[in-house]
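Below: one structure, written as C-alpha cells.
Protein chains: 2
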Amino acid sequence: MTRRHASIDVDDHPDRGIPRATGKTTIASDQTLHRRILADIEDKIVSGAWPPGHPLPFEVDLAAHYGVSRMTVNKVMGQLVQGGLIERRKRLGSFVAQPKAQSAVLEIHDIGDEVRSLNLEYGYERLSLSRRRASGDDLAWLADASAGDVLAITGLHLAGGKPFCLEERLINLETVPQAADVDFIAIAPGPWLSSLIPWTTAQHRIQAVPADRREHRLLELTPKDACLVIERRTWNGSGPVTRVTMTYPGNRHVVTADFRPSGS
Amino acid sequence: MTRRHASIDVDDHPDRGIPRATGKTTIASDQTLHRRILADIEDKIVSGAWPPGHPLPFEVDLAAHYGVSRMTVNKVMGQLVQGGLIERRKRLGSFVAQPKAQSAVLEIHDIGDEVRSLNLEYGYERLSLSRRRASGDDLAWLADASAGDVLAITGLHLAGGKPFCLEERLINLETVPQAADVDFIAIAPGPWLSSLIPWTTAQHRIQAVPADRREHRLLELTPKDACLVIERRTWNGSGPVTRVTMTYPGNRHVVTADFRPSGS
DNA sequence: TAGTGGTCTAGACCACCGC
DNA sequence: CGGTGGTCTAGACCACTAG
C-alpha cells in the first residue's frame, strides 16, 4: 500500500472494510460489491467527510482496502466520474469535484401520458395544418440546411375537456418526408414522430411570456396571466427534424427536474 | 455463434468487424475499443437501422463479431443502458428502447458566473435578512423535520448595474447552523452554501407567473410582464438545507437544457 | 433446464506526466 | 524514471427466467 494521501478513513474492520448494513448508514447488504463500494464512497463525499478537492485513495489501495480486484474499484470510479462527484488525473490521482454547475434531469414526457397520469381525460384537437416553403423564421432553425418545405401544424392538447397546452410545430419535410401524407387529426405530431424517428439530439428553451390575445382565447386565460413556453428543437443523424413550442398556462403548469448525485 | 435474432447486420469485413474511420460514418479511428463499439451501436440505433424494439445481438456474439472480450462488450452495453438507448432482460436479450420520456440535462450555474459569461458586471445586493421560527409555509418544505429556526434572506442579483434576478431564500438553521453568523451582505447565500455544503439532492420547479407589484419595482418590469420562477429545494444527508426561489424577468431570461443520447 | 445478462477476478500492457 | 489511471483479456460463477 502506497503512502500518499491521507489514510483511508474508513473503519478498518477485520472484514476488510467492505461496507455492511449493520452500521448507521442505510446500505442494503444484499447489493453487489461495486454498488456497496459506490454507496460507501458517495456517502463519504456527500456527508462532507471528503470535502471538495480531497484526494481519494488510489485504485490499488481502494482495491486492497475493500478486498476486491482493481477492475471492480475502477468500475466504481467510472460511475463516480460520470456522476460528476470526482475528477481523475493520471499520475495525480482522484479528487472530489468542486460543485460547479448543478445538473438536474428534466424529464419530458408524452403529453397524453402526462394528462392521463393526472387522472384526466386526454384529448387532442388539430387547429391548422399547412405546407409551405421554409421562410425567414424557420431558416434560423434549419440553420444552413438547404431550405426545403416544412409542415406547420398547430394543435391544442386537452385535459378533462379543458385546454391544457398549445402546440405549434414545424416538421422538416426533407428529413421526414413521410409526414406530408399525414393529416394529424387523429394523432398528434409528437407521438407520431417519436414512433417513427429514432433517437436524436434536442435542445430546450424555457421562458415565461405574457399571454397574448390568441392564447387568451385558446387557453382560456385572463389578460393578466403568464404562459410557460417550452421550445424544443430536435435533430437527427440526417439533419433538423422538428421544432415545437408548447405553451402552457403558467399558473396551471409546472416543470419539475430532479437532481441526483450519481447516475444510479 | 448462436442463431437467435436477426443476423448481425454490420458489415462483416475480414478485420472482424471492428468499426474503422475509413467508412462513411464519422468515427475517430484513434479511439478506444469500447468507444468505437459504442459509437457503432449508437449509430445503428440513432440512424434507425435498429428501430425501437429491435433485438441486439447477444453479448457473446457481439464480442465474437468485434473480436473483443465479453467484458468490453459488457461495458458498452452498460453505457447504452445508462444512456437509455437499450433495455436488457435476462434470458431474453437486449432491445432498443422505446423513446418514452426524453430526458434533458438542465445545468444550474452560479448566477455570478452566468452573468460574467455574458460580459456583464455582476453585483449582488441584499435586501433583507431575518431569523424566525419556521412557520406554516416553511413547514411544507421542512416536511416532518422538527420545526426549528430558519433564516430568510432576500436579495437582488445585478447584471451590468441592472436587476437580473430576485432571490428569496430560506436556510434551515438546524442543518446549517453556521449560517446564523453570516450577514450575507458581501456574499450571496448561493456561493456561500455551495462552498460549505457537500453534494445533495435537489428538486426544481419551474413556472411562469405574472409579475406582481414588488417585482415591477425590483426587476424594473411593466405590469404586463411575466416572470420565470425557478424554485429549488435542497436536501443534505442530514435533512433539508435550503429552499430558494429565483424570479427572472421572463422576457430577458431563458433556461436551456440539452439532450444527448449517451452519457459520453 | 439451458441460455442470458450480471458480476468479479488476477493479471497484463500502455499512455501519460510529475518528479 | 516511476506510478497512476485507462484499458483489455480469458475465464469463472451466479441469478434469473422463458420454455
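First to last, the protein sequences are chains A and B.
Yeah, the first sequence ends on 264 if you go by my numbering, and it's all consecutive.
Yeah, the second sequence ends on 528 if you go by my numbering, and it's all consecutive.
Built from N, CA and C at the ideal position, the CB exists for glycine as well.
Residues of chain B with a Cβ closer than 7 angstroms to the Cβ of residue 73 (chain A) do not exist, since the nearest Cβ in that chain sits about 15 angstroms away. In the three-state DSSP reduction, residue 141 (chain A) falls in the helix class (H, G or I). Residue pairing from DSSP places residue 470 (chain B) in a beta bridge opposite A:255 and B:494. Residues of the same chain with a CB within less than 6 angstroms of the CB of residue 98 (chain A), apart from the 5 flanking positions on each side, are 52 in chain order.
Chain-order list of chain B residues neighbouring residue 90 (chain A): empty, with the shortest C-beta distance near 15 angstroms, by a criterion of under 8 angstroms.
With a cutoff of 8 angstroms on beta-carbon distance, residue 197 (chain A) and residue 176 (chain A) are scored as near each other.
Secondary structure note for residue 416 (chain B): its beta strand (DSSP E) is the uninterrupted segment 413–423. The beta-bridge partner set that DSSP reports for residue 394 (chain B) consists of B:416. Boundaries of the beta strand (DSSP E) around residue 426 (chain B): 426–436. Using a Cβ distance threshold of 8 angstroms, residue 349 (chain B) and residue 360 (chain B) count as a contacting pair. The beta carbon of residue 464 (chain B) lies closer than 7 angstroms to those of 498, 499, 500 and 505 in the same chain, with the five residues before and after it left out.
Residue 117 (chain A) has a beta carbon lying at 8 angstroms or more from every beta carbon in chain B.
Against residue 257 (chain A), the close residues of chain B are 370 and 468, in the order they occur along the chain (beta-carbon pairs closer than 7 angstroms). Counting other Cβ atoms within 10 Å of its Cβ, residue 32 (chain A) stays below 16 and is therefore classed as exposed. Under the Cβ criterion of 8 angstroms, residue 436 (chain B) is not counted among the residues facing chain A. The alpha-carbon of residue 254 (chain A) is positioned some 43 angstroms away from that of residue 71 (chain A). Considering only beta carbons, the part of the region 59–83 of chain A lying closer than 7 angstroms to chain B consists of 82, in chain order. Within chain B, 462 and 463 have C-beta atoms less than 7 angstroms from the C-beta of residue 45 (chain A), given in sequence order.
For residue 384 (chain B), the secondary structure class from DSSP, reduced to helix, strand or coil, is coil. Beyond the five residues adjoining it in sequence on each side, residue 81 (chain A) comes within less than 8 angstroms, by CB distance, of 87 and 88 in the same chain, given in chain order.
Looking at the DSSP output, residue 87 (chain A) bridges to A:95. Contacts with chain B (Cβ-Cβ distance below 7 angstroms) from the region 215–242 of chain A involve 224, 225, 226, 227, 228 and 237, listed in chain order. Under a criterion of Cβ atoms nearer than 7 angstroms, no residue of chain A is adjacent to residue 440 (chain B); the nearest Cβ is some 11 angstroms distant. Listed along the chain, the chain A residues whose CB falls inside 7 angstroms of the CB of residue 318 (chain B) amount to none; the nearest CB is some 10 angstroms away. Counted as a single uninterrupted DSSP element, the alpha helix (DSSP H) harbouring residue 38 (chain A) occupies residues 33–46. The alpha-carbon separation between residue 111 (chain A) and residue 157 (chain A) amounts to approximately 8 angstroms. Interface flag for residue 112 (chain A) against chain B is unset, since no Cβ pair is found closer than 8 angstroms. Under a criterion of Cβ atoms nearer than 8 angstroms, the residues of chain A adjacent to residue 473 (chain B) are, in order, 208, 226, 250 and 251. Secondary structure note for residue 194 (chain A): its alpha helix (DSSP H) is the uninterrupted segment 189–194. If you check the CB distance, residue 416 (chain B) and residue 397 (chain B) do not come in under 8 angstroms.
Ranked by Cα distance from residue 244 (chain A), the first of A:69, A:57, A:182 and A:165 is A:165. In this structure, the CA atom of residue 64 (chain A) is about 15 angstroms from the CA atom of residue 75 (chain A). Looking from the CA of residue 418 (chain B), the closest CA among B:425, B:435 and B:406 belongs to B:435. Among the residues of chain A, none has a CB under 8 angstroms from the CB of residue 295 (chain B); the nearest is roughly 16 angstroms distant.
Residue state for residue 105 (chain A) is assigned as strand, using DSSP reduced to three classes.
Annotated as proximal: residue 227 (chain A) and residue 250 (chain A), with beta-carbon spacing under 8 angstroms.
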